[in-house]
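Residue numbers (our numbering), protein chains in the order written: chain A, 1 to 215; chain B, 1001 to 1803.
Reading through the structure tokens given below for one structure.
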Amino acid sequence: MLLSVETVSKTYPGGRPVLDQVSLVLERGETLALTGESGSGKSTLLNLVGALDHFDSGEITVAGTPLSALNERGRAALRRESLALVFQQFNLIPSLNVEQNLAFHARLSDQSDTTWLSHLTDRLGLAPFLSRSPEQLSGGQQQRVAIGRALATRPALLLADEPTGNLDETASAAVLDLMLELVAETGCGLLLVTHSAAIAARLDRRAHLSGGHLA
Amino acid sequence: MRRAAIACLWSHWARHPLQLVTLLAGLALATGLWSAVQAINAEARTSYAEASAQLGVGQFDELRAASGPIPLARYVALRRAGWQLAALLEGQLRLPGGSVDVMGVDLLSYPALPAVEETSQEDGIAPTDALLAPGLLIAGPETAERLESQPGLPPVRRTQNLPSGVVLTDIGTAEMLLNRRAEITRLLILPDQSAGLTPLADLAPDLMLVRAEGRSELARLTDSFHLNLTAFGLLSFAVGLFIVHGMVGLSFEQRRGMIRTLRALGLPLRDLTWLMLGELLLFALIGGLIGLVLGYGVAAALLPDVAATLRGLYGAPVDGDLALQPAWVALGLMMAVAGTFAASAQALWHLSRVPILQAQGQYAWTAQGLPARAQAGFGALLICAGFLALVVFDGLIAGFAMLGGLLMGAALLLPPILSLALRLGERFARGPLEEWIWADMRAQLPGLSLALMALLLALAANIGVGTMVSSFRLTFTGWLDQRLASELYVTARDEAQGHEIERWLNSRADAVLPIRATEVQVAGETVFLYGIIDHPTYRNNWPLIAELPEVWDVLAEGRGALINEQMARRMDLWPGDRVELLPGWSLPVAGVYSDYGNPTGQAITALPALLERVPDLPNTRFGIRIDPPEAEDLRTALADRFALPPQAVVPQAAIKASSLAIFEKTFVVTGALNILTLGVAGFAILTSLLTLWAHRLPQLAPVWALGVQRDTLARLEVLRSVALAVMTAVLALPLGLVLAWALLAIINVEAFGWRLPMHLFPLQWLVLLLLAVATAILAALLPARRLRHLPPSDLLQVFANAR
């Protein structure tokens, strides 16, 4: 099992529970769409799985590692080595050019593979833009860089939070196609947060969050 | 509508109180240091003006002898010829703790002397009271206290109307105190002379007419000192304005969305611009007022040292107390307002031109300046213009224009040079994190460049002034050893005792070197002309900086004169040129010697040659050469034999110690201003880092999300700040050395009349580098600590804010 979320709860200070006893599993190579209304806790769950935030109770296990047992250093190492993240707003590093952004995560985790990176660059159609800075690219191009950066490490689990939310319909379809193809190629698991039923329908499974509970 | 717009604009400051505090602090620091310097200058100038007004200095034409005093008989003859003149006898009275200036006036012929008049009105003393035995001394409270502690002096009357260190009395009493019978230093030509008088040029062709200039010689002498202080004040002001510029630019950029909305809702751009101008004016006044309070405090703390400096260096009487002057307050506020508008002009100009639909750019505010290449070109141009000013202009103006061009040009060149260096560093980076750090530093450069420019200027000023002061100290110490070669210095009570002492010493000391001088006028300037005997003490020790061959033989035979460096530079006289020392007596300049700490011209000739022309040269002071271990015994014996007070026989070490103490006092102010400027620069870095904080998180959050710990990021934040500070410090070194050269070779020559050799002090640079690193660490510590303890939820906001 690649990911196991067992009865996880999370409440932000002074608020009602965002997640209440949520459980789900994800196998290697499997893709799962997480849907729900705004404020239903989708992104919170993604952040918890991504070791970016702490849960109050329950347990999350990623690639055999229980997150509750990890300190700050261990969580950072897990993010570097086993996980990869794609955000809606791309969140590229503005001071690095496209080529450096693509290689950054892989180099950070000592998993740099130039052949794979070159393959990714070609597949994502980024070869002409390697020396450009992120702000010189369109939204679709920036998101392709973000996907390339994430997959350059060949992660066990890719977490994507509304990866096409900032793109128009055409760019959105193209980016999603590419991402799913590459996920299949790497054999990693994918947990994708989306509002779109159409996007969710293209993934292996779908889980719906409502009021902090999985429906 | 306006009320709503004001509330809206104000809401920005309510949400960003730190930005508001920083803006006001920048303004307060800029105004504070500038105002402190202005307050010190104003206080000193007021003291000079008061001294001049109270004593009638510089207000009347006057007659002076070409050399020595004016005989009483000449005064009587002129009065008989119908000329209304007031006689003055001036000299120094030695007291424990230093001399005081005695000014003896003819109270009957000139009872309208302001100091006398005011004292009479306040204390009910008639001027004639001072004429009766045993006379009367009028002095300020501090000087009066010193006089009262001395036995054998006439009664002392205290007055608030005289500057410290000055004693006013009747000319008869002054004759007695100074032991100068029937002598007059100068004759004031009173207004309202009768018609048809024989011209003074016919009656007294040997006396020189000196026209009143309305200001004292003191004011002229100290101009350069005050100009130096003003330059420091301006530097601090500029550094403070860098902070203001950064804050205003940031606040305008952060409010771009708000401005767009306000305009979209119907607020005219013109109204908006006026509102923002009003906002800036309000901040300028608040910051300016805080700065004035700060400046007053700094000035009050520094004034006693400045007063000591001016007294030591120029003999200028300045009170150590600070008075609040309305003109100073008004000027301080004006500078704050003008500085704020100057620092905000670029942001206001952008505001007036920005299209209504332009989106808020994350880096737009930092990219408002000139493009890097244009900035570098402009910087280089300013440096060239500065050096060109040296060729085109003369004097202090040229020196300061050169320094201004050099400093501003170098500041403008700093960001492009740093960018280039960072690009080079990036090329040699080994890991991804290292690569990111270099690239990130380069990306942050526009936001930090103003603070780094401020740091560059502060460090360069520190290196420059530090090198100048240390070079001066080193040279001055060596020079003192050369000049003060005699083991003891003795001053006799009068001429008769002088001869007695000389005779007594001849059999007991290795050598007795008379110190005999007269005051002469050379090219309209007062010069002290000394006569010396030929002795190895001079031949082996005198600090000559330019000389003819066989200079000491030439001097001993009366065929040449030595002049001090100040006189040489002011009158452009160098070895081989002729100088007229007395009417009809001119000599070739045989050599030029350094004479630090002396504002007036000085010349030395052979004593026999001088005595031929000025036979009544006073003979009361001597240098005594003796085997050093025997000096103390001789001192005791001399004091006992002639009942001399301790201050009349001074060992060499005591003079050296007091000279060095005056020297150290002289540079206390520049040292303090140096540290304050560095502090302001450190504050500029801190404020830049804090205000960049909002822009920083979106850059740090993805790196954190990719697996770099907050601890590591926090450490890298400090490292980044330190690296930029170190690079700036390295660039500040050559700039500081050029500054030191300019101070030593141009400014000092113009300001004080002497050129000093430049020495290098690498240990000082190391200390300064460590200070710069400490400043950078301190400035980065707060943002780094914030980052280290930032809850993950705040970092996650970066990703959440995107939606």
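The C-beta atom is built at its ideal place from N, Cα and C for all residues, glycine as well.
What you are looking at is a predicted structure, and each value in this text was computed from that prediction instead of being measured.
Asked                                                                                                                                                          : Found
Please report the straight-line C-alpha distance between E1487/B and E1500/B, rounded to a whole angstrom.                                                     : 20 Å
Three or more C-beta pairs under 8 Å: does that hold for the stretch 1457-1468 of chain B against the stretch 1731-1743 of chain B?                            : yes
For P1071/B, list the residues DSSP reports as bridge partners.                                                                                                : E1183/B
Just to make sure I have the definition right: I need the residues of chain B whose C-beta is within less than 8 Å of the C-beta of A77/A. Which are they?     : G1707
I want to verify the contact list: residues of chain A whose CB lies under 8 Å from the CB of S1793/B, in sequence order.                                      : Y12, D53
Hey, does L1436/B have any beta-carbon neighbour from chain A nearer than 8 Å?                                                                                 : The displayed chain sequence assigns Trp, not Leu, to residue 1436/B. Output row for W1436/B: interface = yes.
What does G1431/B touch in chain A if you count any residue whose Cβ is under 9 Å from its own?                                                                : R107, L108
Which term fits V1614/B, buried or exposed, when burial requires 16 or more other beta carbons within 10 angstroms of its beta carbon?                         : buried
Name the two residues that bound the continuous alpha helix (DSSP H) containing N97/A.                                                                         : Here N97/A belongs to no alpha helix (DSSP H), and DSSP marks it neither H nor E.
Taking its Cβ as the centre, do 16 or more other Cβ atoms sit within 10 Å of T222/A, making it buried, or is it exposed?                                       : In the structure as shown, chain A begins at 1 and stops at 215. Residue 222/A is therefore absent and cannot be evaluated.
Are three or more beta carbon pairs between the stretch 1651-1666 of chain B and the stretch 1437-1444 of chain B nearer than 8 Å?                             : no
Would you say V1703/B lies against chain A (beta-carbon separation less than 8 Å)?                                                                             : yes
Using the rule of at least 16 other Cβ atoms within 10 Å of the residue's Cβ for burial, across every protein chain shown, is F1799/B buried or exposed?       : buried
Classify F1241/B as helix, strand or coil using the three-state DSSP reduction.                                                                                : Correcting the residue type first, residue 1241/B is Leu in the shown sequence and not Phe. Residue state, collapsed to three classes: helix.
Could you say which of S210/A, E169/A, L159/A lies nearest to L26/A if we only look at CA atoms?                                                               : L159/A
Using only the heavy atoms of the ligand SAM, determine whether one of them is closer than 7 Å to the beta carbon of Q1038/B.                                  : With respect to the ligand SAM, the structure offers nothing, as it holds no ligand at all.
My assumption, with CB atoms under 8 Å, is that G1291/B sits in contact with S1035/B. Please give the rounded CB distance.                                     : 6 Å
Using a beta-carbon distance cut-off of less than 9 Å, what residues from the stretch 93-126 of chain A approach chain B?                                      : I93, P94, S95, L96, N97, Q100, A103, F104, H105, A106, R107, L108, S109, S112
Could you check if I1675/B is buried or exposed, using at least 16 other CB atoms within 10 Å of its CB as the buried criterion?                               : exposed
I need the boundaries of the beta strand (DSSP E) containing D20/A, first residue and last residue.                                                            : 17-26
Report the CB separation of R202/A from L180/A in whole angstroms; it is logged as a contact under 8 Å.                                                        : 7 Å
Does the beta carbon of S68/A come closer than 8 Å to any beta carbon on chain B?                                                                              : no
At a Cβ threshold of 8 Å, is Q141/A touching chain B?                                                                                                          : no
Are the C-beta of F1799/B and some C-beta of chain A separated by less than 8 Å?                                                                               : yes
Listed in chain order, which residues of the stretch 1372-1406 of chain B have Cβ atoms closer than 7 Å to some Cβ of chain A?                                 : none
Can you tell me whether L1280/B is helix, strand or coil according to DSSP?                                                                                    : helix
Hey, how far is the Cα of E135/A from the Cα of Q100/A?                                                                                                        : 14 Å
Since G41/A is in the alpha helix (DSSP H), which residue starts that stretch and which ends it?                                                               : Careful: G41/A lies outside any alpha helix (DSSP H) and carries neither H nor E.
DSSP three-state call for E72/A: helix, strand or coil?                                                                                                        : helix
Please determine, among L1262/B, T1491/B, R1720/B, the residue with the shortest C-alpha to C-alpha distance to A1004/B.                                       : L1262/B
Contact defined as beta carbons within less than 8 Å: I believe P1432/B pairs with F104/A. What is the distance between those atoms, to the nearest angstrom?  : 5 Å
Kindly indicate if chain B contains any beta-carbon less than 8 Å away from that of F129/A.                                                                    : no
Under 8 Å between C-beta atoms, does R154/A make it to chain B?                                                                                                : no
With distances taken Cα to Cα, identify the nearest neighbour of L1250/B among L1587/B, G1736/B, A1327/B, L1690/B.                                             : L1690/B
Take L1700/B and list the residues in its own chain whose beta-carbon comes closer than 6 Å to its own, dropping the five residues that flank it on each side. : L1713
For D161/A, which residues in chain B fall below 8 Å Cβ to Cβ?                                                                                                 : F1799
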